[in-house]
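Please read the structure below before turning to the comments.
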Amino acid sequence: MRYMPLVFLLLLPVSLFAYTEPYTEYTENHFYITTGEIDFDLDVWEVGTVLLKYNDYSKWAFVGMQGVDKESEGLIAYFTDVRYSAQENLFYVTFDLNLIWPFGKKGSVIRFRPVQSFDDEGRLRSISLNPMLGNKMVHSAIMLFELRETPSGSSLRYESRIRLAPFLDFFFSLRSYKKNFEWYVFKMTRNLTEYLNGL
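Numbered by mature numbering (1 follows the signal peptide of the UniProt record, and there is no 0), the letters in the sequence shown go through residues -20 to -1, 1 to 179 in order.
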């Protein structure tokens, strides 16, 4: 229940959003699937415009994931930078792997390719972030955001699907996954809501 105080804060009248606590399950085919949803008092155009400004992700996406505060201290990875190349249509995410030698490493980079879809009126419907994998720790992964109109504004559903390398499954439990990877997903969506609230 580590997220409940945060959920309460985001339900205050001054806020423009509310969301459900993320949920993670481990499937029979060895995928960790995390899902959740955010409701905004903003229309689809407003939220979609921010999500499509890829060059601005450095302002909000990985804020608070550097391991310099209690919330992120001791996690498996610290995210230190994100850059978007319009020419390549790629995000370059820099992170430090916070593991004991010889597994720990500083300045690792993983690339993500965003793929977006739109409805018939030209409004953003979804964005998927597809990592260009080249490391031995993650077998496959995808992050999906689905945006839809609601009577009060809009709703953003998110889902991450990650399959770790087989040797890591032996050491990783659902509890440790939730502590690390679920928190990253939750924190990123929380950063988005706080960024939207500050515009």
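We put the beta carbon where it would ideally sit given N, CA and C, even for glycine.
Being a predicted model, the structure only gives us computed values, none of them experimental.
Mind reading off the beta-carbon distance from residue i to residue j? Whole number of angstroms is fine, and I expect it under 8 Å.
i: residue 172; j: residue 104; result: At roughly 13 Å, the Cβ-Cβ gap does not stay under 8 Å, so residue 172 and residue 104 are not in contact.
i: residue 44; j: residue 167; result: 6 Å
With a cut-off of 8 Å, does the C-beta of residue i fall near any C-beta of chain D?
i: residue 175; result: Although the question refers to chain D, the structure presented lacks it and comprises just one protein chain.
In this structure, how does DSSP classify residue i when only helix, strand and coil are distinguished?
i: residue 52; result: coil
i: residue 169; result: helix
i: residue 62; result: strand
i: residue 88; result: strand
i: residue -1; result: coil
i: residue -7; result: Confidence in residue -7 is poor, its pLDDT being 41 and thus under 50, which makes the residue's placement too unreliable to answer from.
i: residue 178; result: coil
Relative to the alpha-carbon of residue i, which residue among the options has its alpha-carbon at the smallest distance?
i: residue 119; options: 99, 170, 10, 63; result: 10
i: residue 18; options: 150, 132, 157; result: 132
i: residue 148; options: 117, 177, 5; result: 117
i: residue 126; options: 92, 8, 108; result: 108
i: residue 124; options: 136, 144, 79; result: 136
i: residue 74; options: 111, 97, 100, 98; result: 111
i: residue 62; options: 23, 145, 40; result: 40
i: residue 24; options: 106, 35, 5; result: 106
i: residue 70; options: 85, 89, 80; result: 89
If you count every other CB in all the chains shown that lies within 10 Å of the CB of residue i, and 16 or more means buried, which is it?
i: residue 134; result: buried
i: residue 163; result: buried
i: residue 140; result: buried
i: residue 146; result: exposed
In terms of DSSP beta bridges, what is residue i paired with?
i: residue 123; result: 109, 140
i: residue 94; result: 109
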